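Please read the structure below before turning to the comments.
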Amino acid sequence: MKVRIGFEIHEQLATRTKLFCRSPADYRDAEPNTNVCEVCLGMPGAKPMGVNAEAVEGVIAIALMLNCELVREPVYILRKHYDYPDLPSGYQRTSMPIGKNGELAGVGIWEVHLEEDPGKYDPVTGRVDYNRSGVPLVEIVTAPDITSPEEARNFMRELVKVLHYSGRVRREGGTMRVDVNVSIEDGARVEIKNINSIKGLYRALKFEITRQKNLRRRGKAVKRETRAYIEEQMITKSMRTKETAEDYRYIPDPDLPPLRITEELVERVRSELPEAPHQKLQRFMQQYRISRDDAWAITSEPEMADAFEQVCGQVEPGRAAAFFRHIIKKTLNYHGMSFAESGLTVRDILAVLGAISSGRLSQQAAELVLREVVERGAEAEELIQRLSKLDEQSLASAVEQAIRENPGAVQDYRSGRREAINYLVGQVMRITRGRADAEKALEMLQERLS
Amino acid sequence: MSRQALGEAEENLARRFEEIERRDREINSFIELNPHAQEEARRAEKLGGRLAGMTVAVKSNINVRGLRATCASKTLENYVAPYDAVVVERLRREGAVILGMTNMDEFACGSSGESSYFGPTENPSAKGRIPGGSSSGSAAAVAAGFADAALGSDTGGSIRNPASHCGVVGVKPTYGLVPRHGLIDLAMSLDQIGPIARDVRTAALLLEVIAGSSREASMLDVEPQPYSQRLSADLSGIKVGFAKEYEEVTSPEILGVVKRALRRLEAQGAELVEVELPNLEKALPTYYLIVFVEFFSATRRYDGRRYGYRIEEVCGEEVLRRIMLGSYISQKEYAGRYYRRALQFRSLIRRELLQALEEVDVLAGPTTPKLPHRLGERLTPLEMYAYDLLTVPANLAGIPAGVVPAGRVNGIPVGLQVQAKPLQEQVMLNVMLAAEGRA
Ligand SMILES: [Zn+2]
Numbered sequence: 001m002k003v004r005i006g007f008e009i010h011e012q013l014a015t016r017t018k019l020f021c022r023s024p025a026d027y028r029d030a031e032p033n034t035n036v037c038e039v040c041l042g043m044p045g046a047k048p049m050g051v052n053a054e055a056v057e058g059v060i061a062i063a064l065m066l067n068c069e070l071v072r073e074p075v076y077i078l079r080k081h082y083d084y085p086d087l088p089s090g091y092q093r094t095s096m097p098i099g100k101n102g103e104l105a106g107v108g109i110w111e112v113h114l115e116e117d118p119g120k121y122d123p124v125t126g127r128v129d130y131n132r133s134g135v136p137l138v139e140i141v142t143a144p145d146i147t148s149p150e151e152a153r154n155f156m157r158e159l160v161k162v163l164h165y166s167g168r169v170r171r172e173g174g175t176m177r178v179d180v181n182v183s184i185e186d187g188a189r190v191e192i193k194n195i196n197s198i199k200g201l202y203r204a205l206k207f208e209i210t211r212q213k214n215l216r217r218r219g220k221a222v223k224r225e226t227r228a229y230i231e232e233q234m235i236t237k238s239m240r241t242k243e244t245a246e247d248y249r250y251i252p253d254p255d256l257p258p259l260r261i262t263e264e265l266v267e268r269v270r271s272e273l274p275e276a277p278h279q280k281l282q283r284f285m286q287q288y289r290i291s292r293d294d295a296w297a298i299t300s301e302p303e304m305a306d307a308f309e310q311v312c313g314q315v316e317p318g319r320a321a322a323f324f325r326h327i328i329k330k331t332l333n334y335h336g337m338s339f340a341e342s343g344l345t346v347r348d349i350l351a352v353l354g355a356i357s358s359g360r361l362s363q364q365a366a367e368l369v370l371r372e373v374v375e376r377g378a379e380a381e382e383l384i385q386r387l388s389k390l391d392e393q394s395l396a397s398a399v400e401q402a403i404r405e406n407p408g409a410v411q412d413y414r415s416g417r418r419e420a421i422n423y424l425v426g427q428v429m430r431i432t433r434g435r436a437d438a439e440k441a442l443e444m445l446q447e448r449l450s
Numbered sequence: 451m452s453r454q455a456l457g458e459a460e461e462n463l464a465r466r467f468e469e470i471e472r473r474d475r476e477i478n479s480f481i482e483l484n485p486h487a488q489e490e491a492r493r494a495e496k497l498g499g500r501l502a503g504m505t506v507a508v509k510s511n512i513n514v515r516g517l518r519a520t521c522a523s524k525t526l527e528n529y530v531a532p533y534d535a536v537v538v539e540r541l542r543r544e545g546a547v548i549l550g551m552t553n554m555d556e557f558a559c560g561s562s563g564e565s566s567y568f569g570p571t572e573n574p575s576a577k578g579r580i581p582g583g584s585s586s587g588s589a590a591a592v593a594a595g596f597a598d599a600a601l602g603s604d605t606g607g608s609i610r611n612p613a614s615h616c617g618v619v620g621v622k623p624t625y626g627l628v629p630r631h632g633l634i635d636l637a638m639s640l641d642q643i644g645p646i647a648r649d650v651r652t653a654a655l656l657l658e659v660i661a662g663s664s665r666e667a668s669m670l671d672v673e674p675q676p677y678s679q680r681l682s683a684d685l686s687g688i689k690v691g692f693a694k695e696y697e698e699v700t701s702p703e704i705l706g707v708v709k710r711a712l713r714r715l716e717a718q719g720a721e722l723v724e725v726e727l728p729n730l731e732k733a734l735p736t737y738y739l740i741v742f743v744e745f746f747s748a749t750r751r752y753d754g755r756r757y758g759y760r761i762e763e764v765c766g767e768e769v770l771r772r773i774m775l776g777s778y779i780s781q782k783e784y785a786g787r788y789y790r791r792a793l794q795f796r797s798l799i800r801r802e803l804l805q806a807l808e809e810v811d812v813l814a815g816p817t818t819p820k821l822p823h824r825l826g827e828r829l830t831p832l833e834m835y836a837y838d839l840l841t842v843p844a845n846l847a848g849i850p851a852g853v854v855p856a857g858r859v860n861g862i863p864v865g866l867q868v869q870a871k872p873l874q875e876q877v878m879l880n881v882m883l884a885a886e887g888r889a
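Just so you know, the protein sequences line up as chains A and B, in that order.
Numbering-wise, my numbering puts 305 at position 305 of the first sequence, and it's gapless, one number per residue.
With positions in the second sequence counted from 1, the corresponding number in my numbering is that position plus 450.
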C-alpha cells in the first residue's frame, strides 16, 4: 500500500529580538514572564513594530537553501484566530509564503513562511509563560513525497542539516516542532501534531501507518482527522473534533503593511549565503583529498566542518579526517551530543593531535582526554600533561606491579598459555590509567617473563 | 489658549478640578480623574515645554500608565494601564497634565455617547441631547470647560461627530501620522488618535506634539510640522470643494449653517468649487463591514483569562452585535462575499475622494446628516449608523478631516467638516481657522 507523508516544520530563527517587538528572542535563561513587553504580551492597545528584518532575511536564506523561488508579490502577514491560553491576543501572526516550489533530497518544498511563536502553556499547573511569545519561526511545508518512516527520518536529518548550515536557526535544540500528514492509498489525510524530534517523528509514523493499515485490512475507512503524538506511549491519539474543525478566520493584519521581498534584498542574502552541505561535501573531497565517508561524517555539522578546516591548516588532512571521523565522532556519539554542543575547540583538537604525533599520548589516552573535555569542559592541554605517556621507569614499575598482583596469569603464561599476557597488558593499562603505551608494555612484559 | 506662564499650571489645574467637582456629576464626562495630576502639574511647571501646564483629558481607550483604560466597558473595568501610549508620552514631554480618563461609547462602538458601562454623557452645549460619540466625554469635557484640550480617537467620525454636536474643534489626522501604540483597537486600519480643543490653534498645537513617526509598523515616516505657527486664515488661492451629494443626505437646517460657513470662507479669499462623490452612500456599508471584522479580531484577547471577563459575557448589545457580525462574515465561506468586497469598495471610495481632492485643496461640508437626538431616545442600529455617513469616507481613504464650530440650529451646535489630501493638515487647519472666524 502506497504511503504518502508530508511535513510542516517549525523552527525558531536565531534573531536578536522577537518578530514584532524588541524583547530579546533568546529567553532561555530568563525567569518566566520576564522576557516580555506590552507588544508580545498582546496588551490592550499595543501595536507591532516593523517586522524584524533579521527574521525576514533568515527566511529568505533558508528558502534559497531549499531551492525555492522567492515571492515577488506583496507578502501579507495574516492573523490566524484561535482560542488557546498560550496565545495572548487570540490570534497568531503568520506570513503568506515567502518562498515556493523548492526541493531538497528529492522532496518538494511547497512553501516557506515566517511566523510567530506563541507562549508556553502548562495544562497541569495552568500557568502560561510568555517569554517565547513573539519569537520568530520559519515554517516549511513539504509536498507529500515521502513514502516511509525511514525516508522521513533521512529527509528530516537532511533538512535539519540544511537549517543548521544556514546559520539562521537556534542551535540549542528542543525548539523544532513538526506536524506530519499521512495518507495511505489515497485514503483520508491524517495530521499528527506535537512531534518535536526526529526520533519521535519516526515512531509516530511507524505507529500511525500500522494503525491505518490495520483499519483498512479490517475494511474500515480512515477518518480525516488530527491526532496528537503522545511521546511517553509512542502512539498517536485522536484530538477532539472541536479543535480540528476550526475556522481560523484569516485576515491580513491591519496593523502590518505587507512585506516586500525585493530583488535587491534577495540578491544580498544570496551573496552572503553559506555553503550548502552537499557543496561542502564535494569541496572537502576535492580540496583535502579525503574519502566520501570521511567528508560525509565531517560535514554532518557546519561547526565540525569549520573546525576541520582550521585543523587542516596545521595537520595533514588525511590524518585530521581520520581523527574527526573515528575519534571525535565516537566521543560525540558516546555522549549523544552534537559538535556544537560539545564545547570542543580547534585548540583542544590540535593539542590532542600534537600529543599523539609526538608520542606523548596513546590512542586510548587521546579518547580519554576528549571525553573529559566534553564531559567536564576541562582544558585539553592540562589533561594531556597529566595523561602523557609514562617514562620508562614508571612503566617498568607498573609492569612489576602487574606481575606481583597477578601470579595466576603469570603462571598461565609461563606454562604456555601465551594469550594470558594480554590480560597482564590490560592490568598495566589499568594501573597507569591508560597512560601506558600498550605496545611497550607488551614488550616489557615479554622480556620480564622470558 | 496658549502656554501657561510659570506658576499658573497648578492654579489652572485646581480651577479645572473645581469645575469638574461642581458640574461633572450632571455631565458625566470623566470615568476617572488622575490622582497624581497636581504633582504632575508641579513638575510640568518646572519642566516647561510647548504645552506647559495645559490640562488634557484622555479618552478611556488610550493607555495612561497607572490609570484605568476601561474603554467604558465592564470587560476592562479593572484594567490599569501598565504603560503610556506614545501620544501620552509626547504630551507629558511637552509639559501637559493628564486630567483623567473620559467617558465614551463602549469600545468606541457608538455615535451618541450613550453606550458606556459608566452611563451616558450629557451634551454641555445642548442640554438634554446626546454629545455624540464615541469620544463623547472628551468633547463634553472640553465644551464644559473642564479641560483645555482632550485626546479622542476617530475610526469613522468618533472625534468629529461629538466635536460637531458639542461645538468644539476636533481633528482626525491622516492615517499613520499619529502613533496608535497605546490606543485600544476598534478597527486597526481606520483608527487614529486626534485632538479636541476649544479653538483651532490649540488643536493645531496638540496635533504637532503628538504627530510624527515612531517605531510602530503602520506609521508613515514623517516629521511633525509646526502647524500652530504656520496657521493663516488668508485663503486666497485656496479651492474649497463642496459635493452636491452632501445636499441629498443632510437635513436642511444643517445645510443652512454649512452654506453660511462656506460664504465666510469665500470672503476670506477661497474659491468654491462643486465636486462629485457618486459613491458617497457606499461608504457606510463598506465601513461597517470592515469595522465588524477588525473589531472581532481585536477583541479575541478579551477571553476572560487575563482581564477578568470574557467580553461576550459582559459587554453591551452594540459591542456584542459587532463581534457576532464580525465573526459571522469573516468565516471562511463568507470572507470573499463580505470582507474582501468591502476592501474593494474601500479602494474605490479612496480613489474617488482623492480624485475629487485633485481638483481642490479641501472639501468642506457637513459633519453629520442630522442634529443630535435627545438623550434616552431609542434609535435602531441603522439609524445610529447613519450619523456616520459623512465622516467615514475620510477614514476609509486615510485622509485628514477636521471639524470646527460653524453655527447653531435652535441653540444646538453644528460643525463644518473640512477634509484634505493625505498629510495636508496645514491647509485643512487654515481653512478651519478661517471658518472659526477669530483669526
Ligand atoms: Zn516584547
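Cβ atoms here follow ideal geometry from the backbone N, Cα and C, with glycine treated the same way.
Just so we're clear, the structure is a prediction, and the values are computed from it rather than from any experiment.
Closer than 6 Å by C-beta to Leu483/B: which residues in its own chain qualify, once you throw out the five before and the five after it? Chain order, please.
One-based indexing of the second sequence puts residue 483/B at position 33. Cβ neighbours of Leu483/B beyond the five flanking positions: Gly550.
Does any C-beta atom of chain A lie closer than 8 Å to the C-beta of Ser452/B?
The count along the second sequence starts at 1 and reaches residue 452/B at position 2. For Ser452/B, the predicted structure reports a pLDDT of 43, less than 50, and the residue's modelled location is therefore unreliable. A value from the coordinates is still provided. It does not: the Cβ of Ser452/B has no partner Cβ on chain A nearer than 8 Å.
Beta-carbon proximity list for Lys732/B, same chain, < 7 Å, skipping 5 on both sides:
Numbered from its first residue, the second sequence carries residue 732/B at position 282. So the qualifying residues of the chain are Phe795 and Ile799.
Would you say the region 805-823 of chain B touches the region 274-290 of chain A, given that touching needs at least three Cβ pairs under 8 Å?
no
In whole angstroms, what is the alpha-carbon distance linking Gln454/B and Leu13/A?
As a position in the second sequence, residue 454/B is number 4, starting the count at 1. As a position in the first sequence, residue 13/A is number 13, starting the count at 1. Residue placement at Gln454/B is flagged as unreliable, the pLDDT there being 46, under the threshold of 50; the coordinate-derived value follows with that caveat. Approximately 52 Å between the Cα atoms of the pair.
Nearest to Ala487/B by CA position, among Asn478/B, Arg473/B, Gly499/B and Arg466/B, is which residue?
Numbered from 1 along the second sequence, position 37 holds the residue referred to as residue 487/B. Of the listed residues, the one whose Cα sits closest to Ala487/B is Arg466/B.
Looking at Gly766/B and Glu527/B, is the spacing between their C-beta atoms short of 8 Å?
Taking the first residue of the second sequence as position 1, residue 527/B is located at position 77. Taking the first residue of the second sequence as position 1, residue 766/B is located at position 316. No.
Say yes only if the C-beta of Ser197/A is nearer than 7 Å to one or more non-hydrogen atoms of ligand 1, and no if none qualify.
Taking the first sequence and counting its residues from 1, the one referred to as residue 197/A is at position 197. No, ligand 1 has no heavy atom inside 7 Å of this Cβ.
For the region 500-518 of chain B, enumerate the residues whose C-beta is nearer than 8 Å to any C-beta of chain A, in chain order.
Correct list: Asn511, Ile512 and Asn513.
Cβ distance (whole Å) where Gly569/B is taken to contact Asn478/B below 8 Å:
Against the second sequence, residue 569/B aligns to sequence position 119. Against the second sequence, residue 478/B aligns to sequence position 28. 6 Å between Cβ atoms; contact.
Go ahead and pull the three-state DSSP assignment for Met43/A.
Working through the first sequence from its first residue, we reach residue 43/A at position 43. Note: Met43/A maps to coil in three-state DSSP.
Leaving out the 5 sequence neighbours to the left and right, which residues in its chain are closer than 6 Å to Val868/B when beta-carbon positions are compared?
As a working note, residue 868/B is residue 418 in the second sequence. Hits under 6 Å: Val812, Ala814, Gly852, Met878, Val881 and Met882.
Under 7 Å Cβ to Cβ from Glu447/A, same chain only, skipping five residues before and after it: list those, please.
Residue 447/A sits at position 447 when you count from the first residue of the first sequence. Nothing meets the Cβ criterion.
Cβ of Ser23/A versus every heavy atom of ligand 1: is any distance shorter than 7 Å?
Reading the first sequence from its first residue, position 23 is the one you call residue 23/A. Ser23/A: yes, Cβ under 7 Å from ligand 1.
Residue of Leu633/B, Ala717/B, Thr605/B and Gly861/B minimising C-alpha distance to Met43/A:
Taking the first residue of the first sequence as position 1, residue 43/A is located at position 43. Among Leu633/B, Ala717/B, Thr605/B and Gly861/B, the Cα nearest to that of Met43/A is on Leu633/B.
Other residues of its chain near Leu19/A: CB distance less than 6 Å, five sequence neighbours each side excluded
For the purposes of this step, residue 19/A is taken as the residue at position 19 of the first sequence. Closer than 6 Å at the Cβ level, and outside the excluded window around Leu19/A, lie Asn52, Ala55, Glu116, Gly134 and Pro136.
Quick check: is the beta carbon of Arg542/B nearer than 8 Å to any beta carbon in chain A?
On the second sequence, position 92 is the one that residue 542/B refers to. Cβ-Cβ to chain A under 8 Å: no for Arg542/B.
Cβ neighbours of Lys2/A in the same chain (closer than 6 Å, five flanking residues each side left out):
Locating residue 2/A in the first sequence gives position 2, counting from the first residue. Hits under 6 Å: Glu185.
Rounded straight-line distance, which links the Cα of Glu716/B to that of Met504/B:
The residue labelled residue 504/B in the question sits at position 54 within the second sequence. The residue labelled residue 716/B in the question sits at position 266 within the second sequence. In a straight line, the C-alpha of Met504/B is about 34 Å away from that of Glu716/B.
Residue span of the beta strand (DSSP E) that contains Arg824/B, given as start and end:
Mapped onto the second sequence, residue 824/B falls at position 374. From DSSP, Arg824/B is part of no beta strand (DSSP E); its letter is neither H nor E.
Would you say Lys47/A touches ligand 1, meaning its beta carbon is less than 7 Å from a heavy atom?
Taking the first residue of the first sequence as 1, we reach residue 47/A at position 47. Answer for Lys47/A: no, Cβ out of range of ligand 1.
Looking at the secondary structure, which residues open and close the alpha helix (DSSP H) in which Gln279/A lies?
In the first sequence, the residue the question calls residue 279/A occupies position 279. First-last of the alpha helix (DSSP H) with Gln279/A: Pro277 to Tyr288.
For Leu633/B, the residue or residues it bridges with in DSSP
For the purposes of this step, residue 633/B is identified with residue 183 of the second sequence, where counting begins at 1. Leu633/B pairs with Ile512/B.
Check distances from the C-beta atoms of the region 608-637 of chain B to those of chain A and list, in chain order, the residues that come in under 9 Å.
Pro629, Arg630, His631, Gly632, Leu633, Ile634, Asp635 and Ala637
Burial state of Gln718/B, where buried means 16 or more other Cβ atoms lie within 10 Å:
Here residue 718/B refers to the residue found at position 268 of the second sequence. With 16 or more other Cβ atoms within 10 Å, it is buried.
Quick check: is the beta carbon of Ser238/A nearer than 8 Å to any beta carbon in chain B?
Residue numbering aside, residue 238/A sits at position 238 when the first sequence is read from its first letter. No, because no Cβ of chain B sits closer than 8 Å to the Cβ of Ser238/A.
Three or more C-beta pairs closer than 8 Å, one from the region 744-757 of chain B and one from the region 772-782 of chain B: is that the case here?
yes
For a test of the three-state rule: what should DSSP assign to Met451/B, helix, strand or coil?
By one-based count along the second sequence, residue 451/B stands at place 1. Note that Met451/B scores 41 on pLDDT, short of 50, meaning its location in the model is unreliable; the coordinates nonetheless yield the value given after this. Met451/B: coil per DSSP, three-state reduction.
For Asp753/B, which residues in chain A fall below 7 Å Cβ to Cβ?
As a first step, residue 753/B is located in the second sequence; it is residue number 303 there, counting from the start. One finds Asp83 and Gly90 in chain A with Cβ atoms closer than 7 Å to the Cβ of Asp753/B, taken in chain order.
Please indicate yes or no: does the CB of Cys37/A lie closer than 7 Å to some heavy atom of ligand 1?
For the purposes of this step, residue 37/A is taken as residue 37 along the first sequence, with counting starting at 1. Within the cutoff, so yes.
Look at Ala25/A and Thr17/A and say whether their C-beta atoms are less than 8 Å apart.
By one-based count along the first sequence, residue 25/A stands at place 25. By one-based count along the first sequence, residue 17/A stands at place 17. Yes, they are a contact pair.
Mind pulling the beta strand (DSSP E) runs of 3 or more residues that sit fully within the region 65-121 of chain A?
77-81, 91-95, 99-104 and 107-116
Taking its Cβ as the centre, do 16 or more other Cβ atoms sit within 10 Å of Ala591/B, making it buried, or is it exposed?
Taking the first residue of the second sequence as position 1, residue 591/B is located at position 141. By the 10 Å Cβ count, Ala591/B comes out buried.
To the nearest angstrom, how far is it from the Cα of Ser565/B to the Cα of Cys559/B?
On the second sequence, residue 565/B is found 115 positions in, with the first residue counted as 1. On the second sequence, residue 559/B is found 109 positions in, with the first residue counted as 1. Taking the straight line from one Cα to the other gives about 8 Å.
Hey, would you say Tyr82/A sits closer than 8 Å to Glu191/A, going by beta carbons?
Walking along the first sequence from the start, residue 82/A turns up at place 82. Walking along the first sequence from the start, residue 191/A turns up at place 191. Result no, Cβ atoms of Tyr82/A and Glu191/A do not sit closer than 8 Å.
Below 8 Å on the Cβ atoms is my guess for Ile209/A versus Pro149/A; work out the distance and round it to an integer in Å.
The residue given as residue 209/A occupies position 209 in the first sequence. The residue given as residue 149/A occupies position 149 in the first sequence. Right, their Cβ atoms sit about 7 Å apart.
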